[in-house]
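Chains as they are written, first to last, in the working numbering: chain A, 11 to 396; chain B, 2 to 242. Even glycine gets a Cβ: it sits at the ideal position worked out from N, Cα and C. Every value quoted in this text rests on a predicted model; they were computed, and no experiment measured them. Everything on this sheet refers to the single structure shown next.
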Amino acid sequence: MNGLSFPVYIALKEVWRNRGRFLLLSLVIALITLLVLFIAALGEGLADGNRQYIGNLDAELVVFREKSDYIISSSRLETGTLRAVRRMVGLENAGPIYFSATEITSTALPIKVSLLAAEPGYPGMPTVAEGRDFRGGGSKEVVIDRNLALRSGLHIGDGLVVRSTQGPEDRFSDLEVVGIVGGQSYLFQPSMFVAAETWEQIRPQTEADARDDTPYPHILAVRVSDAGAVEQLRSSLLAQVPKIEVADVATTINNIPGYSAQQATIQTQGFFTLLIGIMVIGGFFQIQVLQKVPQIGVLKAIGSSNSAVGMAAVVQIMVVTAIGVGLGAFMTFLFSLGFPPTVPLTFNGVSVAASVLALMLIGPVGGLVSVIYAVRIEPLRALRLQ
Amino acid sequence: MKKAVLEVLDLVKTFMVDGAPIHAVDHVSFQVHPGEFVGLVGPSGSGKTTLLSILAALLTPTAGEVLVDGHKLSKMDEGDRVKLRRSRIGFTFQSNNLIPFLTAQENVDVMLRLNGWPVERGGRRTADLLSRLGLGDHLHFMPAQMSGGQQQRVAIARALVHDPALVLADEPTAALDSERAFQVVETFAGLIHERGGGGIMVTHDLRMCLHVDRVLQMRDGRIVAEHATKKEIVALARAAG
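The following block contains the structure:
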């Protein structure tokens with residue numbers, strides 16, 4: 011410690027000589043860190059489960075039926091809309107996407123899945139990581155996402171049976187897995203992709219729907235040829251294609267039913283956890299300073315400046331917070347190893363970094379009052395000379 | 002005679018209590034010369050501690066002037082006063098003297114660190130000084146492991162280690178038994194004489210004045226008597242105890 015400045019020296023000496031007390035506070039911060047990181051991971055996991063497919067769309071714009079309020083389930087596009095959209099200038103490509111849900115009954119336990127249809131090679135159809143794309147024309151081929159492959163144990167070449175209620179009856183359809191794509195969860199369910207005609211045959215539908223064999227896409231995913239001309243294309247689409255509304259991908263995600271409310275809930279939980287952290291740290295350091303009033307008075311009387319006293323307090327807070335956050339991050343890592351894959355935890359680098367940054371800030375913010383109090387201590391009063 | 006390390010010129014400190022002025026320090030003037038150890042005595046409430054606080058640049062006087070090592074306190078801002086306390090003044094207090102989480106050596110080193118001294122050189126100086134004060138075996142003791150007398154000797158070492166022009170001691174023997182108190186004052190006086198700085202010791206115990214060079218007696222904020230000869234000081238101390 012010989013080369014350290016005075017505030018750093020005095021701060022670290024106190025922490026080291028009272029390491030039991032400071033370690034306890036670090037452990038409290040570690041628990042808060044654990045909670046914050048888990049909430050962040052849960053938020054990310056739930057968000058992924060809900061929006062992963064939409065978030066991965068290789069498109070900038072999404073076309074909805076007018077007055078659907080950008081809600082996918084409320085939008086059904088007319089068959090001519092895709093042709094009209096594809097004729098637009100400035101558009102690289104557009105692909106129809108069909109949404110539904112079904113259940114795989116051939117696995118040991120039934121698995122509910124999002125049943126999606128898209129056109130291979132067009133926006134909306136994820137790139138196949140293993141195997142190949144399904145064929146069109148009502149083929150009984152399916153591409154499953156990685157999440158479904160992990161949960162079901164299905165491999166390329168395996169067969170599966172889906173059950174869909176059509177009118178008053180359950181219909182069971184045999185499909186063959188021909189490809190696997192990356193994680194594409196939608197509405198908290200793993201996804202499987204089929205051709206539009208196949209989708210129309212096997213999706214759950216009412217008796218009235220069942221009488222019409224034409225598949226109507228819910229939305230179109232649109233990729234622009236010039237990334238800088240997104241707004242221009244959006245305006246052109248709205249002006250030239252009837253009965254549509256156009257949103258970007260972020261708006262589409264935010265309008266997934268329940269998504270915004272769920273994320274707001276998670277963020278509120280995270281915020282309150284940080285707030286509790288601020289109060290715990292603030293309380294601890296305020297008590298510390300109150301106990302050290304005579305000691306701070308001596309330091310000031312013998313020539314320690316206010317800035318040195320304040321800096322020493324800040325250094326202590328930063329050190330204790332950093333140790334706590336480090337311990338908490340390590341504990342989070344250990345705990346995450348033991349969680350089953352069904353718990354939707356996703357440790358995203360950006361959200362973890364944001365959480366760690368927020369946690370590193372709660373120390374100085376929480377200790378701010380105590381730092382100000384320490385700086386304002388009058389040596390005369392502290393030493394009871396007056 | 003060498004230039005005074007402390008000059009106090011017509012110093013006044015007035016507090017307003019319930020709307021009425023109280024003169025805690027009332028037109029006080031005196032000097033302390035290099036190598037001189039001065040006792041400031043008087044009953045409780047006589048203004049000793051207020052005077053000491055002004056000399057320590059911790060309290061601003063209502064009127065008058067204080068020069069420490071030639072520096073006028075009235076011309077200094079707070080930053081300058083902090084630097085003066087750090088570099089030109091040494092302190093010991095009645096209690097709460099030491100930083101509880103630092104060893105004896107580290108407590109003394111604090112002054113050197115504050116003044117930016119090289120730690121290696123400072124460390125040797127600290128160890129030498131503590132050894133001279135009989136604490137050579139206690140360098141790495143924490144304050145809680147030392148007696149009151151030992152703690153006061155560490156505080157004395159801290160007050161002297163950076164060679165200040167002026168050492169101010171507020172009741173340094175208040176928490177000690179008589180035997181220890183005499184030892185501490187004798188050591189203190191010896192080091193001040195040897196190092197050539199000036200020293201002022203505030204005490205209410207006249208017996209502690211045996212080792213000082215001059216005694217200033219205060220009452221009601223004024224210096225009412227000055228005892229400058231050994232004979233007078235011995236008589237004063239014997240009369241007290």
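Of all Cβ atoms in chain B, is any one closer than 8 Å to the Cβ of VAL308 (chain A)? Stepping through the first sequence from its first residue, residue 308 (chain A) is reached at position 298. Yes, VAL308 (chain A) lies at the interface with chain B (some Cβ there is under 8 Å from its Cβ).
Should MET202 (chain B) be flagged as near chain A, meaning a C-beta pair shorter than 8 Å? Against the second sequence, residue 202 (chain B) aligns to sequence position 201. It does not: the Cβ of MET202 (chain B) has no partner Cβ on chain A nearer than 8 Å.
Is there a C-beta anywhere in chain B that falls below 8 Å from the one on PHE295 (chain A)? Walking along the first sequence from the start, residue 295 (chain A) turns up at place 285. For PHE295 (chain A), the answer is no, since every Cβ of chain B falls outside 8 Å of its Cβ.
Below 8 Å on the Cβ atoms is my guess for ALA226 (chain B) versus GLY198 (chain B); work out the distance and round it to an integer in Å. The count along the second sequence starts at 1 and reaches residue 226 (chain B) at position 225. The count along the second sequence starts at 1 and reaches residue 198 (chain B) at position 197. In fact, because the Cβ distance is near 25 Å, the residues do not count as touching under 8 Å.
Out of A:ILE254, A:VAL299, A:MET289, point me to the one whose CA is closest to VAL38 (chain A)'s CA. As a working note, residue 38 (chain A) is residue 28 in the first sequence. Closest option to VAL38 (chain A), judged by alpha-carbon separation, among A:ILE254, A:VAL299, A:MET289: A:MET289.
For chain B, check one thing: does any of its Cβ atoms lie closer than 8 Å to the Cβ of SER346 (chain A)? Translated into the one-based positions of the first sequence, residue 346 (chain A) becomes position 336. By this cut-off, SER346 (chain A) is not an interface position.
Are the C-beta atoms of PRO101 (chain B) and some chain A residue less than 8 Å apart? Here residue 101 (chain B) is taken as the residue at index 100 of the second sequence, counted from 1. At least one chain A Cβ lies under 8 Å of PRO101 (chain B).
Using a Cβ-Cβ distance under 8 Å, would MET17 (chain B) count as near chain A? Reading the second sequence from its first residue, position 16 is the one you call residue 17 (chain B). It does not: the Cβ of MET17 (chain B) has no partner Cβ on chain A nearer than 8 Å.
Taking Cβ positions only, does GLN396 (chain A) come closer than 8 Å to chain B? Numbered from 1 along the first sequence, position 386 holds the residue referred to as residue 396 (chain A). Low per-residue confidence applies at GLN396 (chain A): pLDDT is 44, beneath 50, and the placement is therefore not dependable enough to give any value.
Hey, quick one: how far does the beta strand (DSSP E) through GLN151 (chain B) stretch, first residue to last? The count along the second sequence starts at 1 and reaches residue 151 (chain B) at position 150. Run containing GLN151 (chain B): none in the beta strand (DSSP E); it sits in the alpha helix (DSSP H), 149-161.
Taking a Cβ distance cut-off of 9 Å, strictly less, list which residues of the segment 36-57 of chain B are near chain A, in chain order. THR50, THR51, LEU53, SER54, ALA57
For ARG145 (chain A), the nearest candidate out of A:PRO120, A:GLU186, A:GLY65, A:LEU45 (CA to CA): Here residue 145 (chain A) corresponds to residue number 135 of the first sequence, with the count starting at 1. Checked all of A:PRO120, A:GLU186, A:GLY65, A:LEU45; the closest Cα to ARG145 (chain A) is A:GLU186.
Mapping the DSSP letters down to three states, classify GLY200 (chain B) as helix, strand or coil. Indexing the second sequence from 1 puts residue 200 (chain B) at position 199. The DSSP-derived three-state label of GLY200 (chain B) is strand.
Inter-residue spacing [alpha-carbon to alpha-carbon] between ARG196 (chain B) and THR127 (chain B): As a position in the second sequence, residue 196 (chain B) is number 195, starting the count at 1. As a position in the second sequence, residue 127 (chain B) is number 126, starting the count at 1. Distance between the alpha carbons of ARG196 (chain B) and THR127 (chain B): 15 Å.
If you measure from the beta carbon of GLN305 (chain A) to each beta carbon in chain B, is any gap under 8 Å? Within the first sequence, the letter at position 295 stands for residue 305 (chain A). Yes, its Cβ sits closer than 8 Å to a Cβ of chain B.
Between SER36 (chain A) and chain B, is there a C-beta pair that is closer than 8 Å? In the first sequence, counting from the first residue as 1, residue 36 (chain A) sits at position 26. Output row for SER36 (chain A): interface = no.
Let me make sure I understand the geometry here. Which of A:ILE166, A:ILE64, A:VAL172 has the alpha-carbon closest to that of ASP143 (chain A)? Reading the first sequence from its first residue, position 133 is the one you call residue 143 (chain A). Measuring from the Cα of ASP143 (chain A), the nearest candidate turns out to be A:ILE166.
May I have the straight-line CA-CA distance separating GLY80 (chain B) from LEU115 (chain B), to the nearest angstrom? Here residue 80 (chain B) is taken as the residue at index 79 of the second sequence, counted from 1. Here residue 115 (chain B) is taken as the residue at index 114 of the second sequence, counted from 1. In a straight line, the C-alpha of GLY80 (chain B) is about 14 Å away from that of LEU115 (chain B).
Out of A:ASP223, A:GLY320, A:VAL308, state which residue places its alpha-carbon closest to the alpha-carbon of GLU207 (chain A). In the first sequence, residue 207 (chain A) corresponds to position 197, counting from 1. Closest option to GLU207 (chain A), Cα to Cα, is A:ASP223.
Can you grab the Cα-Cα spacing for the pair LEU74 (chain B) / VAL13 (chain B), in whole Å? Looking up residue 74 (chain B) in the second sequence gives position 73. Looking up residue 13 (chain B) in the second sequence gives position 12. Straight-line Cα distance between these residues: approximately 14 Å.
Span of the alpha helix (DSSP H) holding GLN199 (chain A)? The sequence position of residue 199 (chain A) within the first sequence is 189, counting from 1. From DSSP, GLN199 (chain A) is part of no alpha helix (DSSP H); its letter is neither H nor E.
Could you compute how far the alpha carbon of ASN157 (chain A) sits from the alpha carbon of GLN242 (chain A)? Reading the first sequence from its first residue, position 147 is the one you call residue 157 (chain A). Reading the first sequence from its first residue, position 232 is the one you call residue 242 (chain A). Cα-Cα distance, rounded: 37 Å.
Count the other CB atoms, across all protein chains shown, that sit within 10 Å of the CB of GLN199 (chain A); report buried if there are 16 or more and exposed otherwise. Sequence index remark: in the first sequence, residue 199 (chain A) carries index 189 (1-based). That one is buried.
Under the three-state reduction of DSSP, which class applies to SER124 (chain A): helix, strand or coil? On the first sequence, position 114 is the one that residue 124 (chain A) refers to. Strand.
Compare the C-beta of LEU59 (chain B) with all C-beta atoms of chain A and state if any pair is closer than 8 Å. Within the second sequence, residue 59 (chain B) is the residue found at index 58, counting from 1. Answer yes: the Cβ-Cβ gap between LEU59 (chain B) and chain A drops below 8 Å somewhere.
Looking at chain B, which residues of the segment 21-36 of chain A have a Cβ within less than 7 Å of any of its Cβ atoms? LYS23, GLU24, ARG27, ASN28
Under 9 Å (Cβ pairs) to chain B, residues found in the segment 307-328 of chain A: GLY307, VAL308, LEU309, LYS310, ALA311, ILE312, GLY313, SER314, SER315, ASN316, ALA318
Assign THR175 (chain A) to one of three DSSP states: helix, strand, or coil. Here the question's residue 175 (chain A) lines up with position 165 in the first sequence. Strand.
Segments assigned beta strand (DSSP E), at least 3 residues, entirely inside the segment 173-224 of chain B: You should have 199-204, 215-220.
Can you list, in chain order, the residues of its chain with a C-beta nearer than 6 Å to that of LEU35 (chain A)? Leave out the 5 residues immediately preceding and following it. On the first sequence, position 25 is the one that residue 35 (chain A) refers to. So the list reads PHE294, VAL330, once near-sequence residues are dropped.
Out of A:LEU44, A:TRP26, A:TYR19, A:PHE48, state which residue places its alpha-carbon closest to the alpha-carbon of ILE276 (chain A). The residue you call residue 276 (chain A) lines up with position 266 of the first sequence. When each option's Cα is compared against that of ILE276 (chain A), the closest is A:PHE48.
Counting only runs of 4+ residues fully inside the segment 28-93 of chain A, write out the alpha helix (DSSP H) ranges in chain order. Entirely contained in the segment 28-93 of chain A, the alpha helix (DSSP H) runs reaching 4 residues are, in chain order, 29-65.
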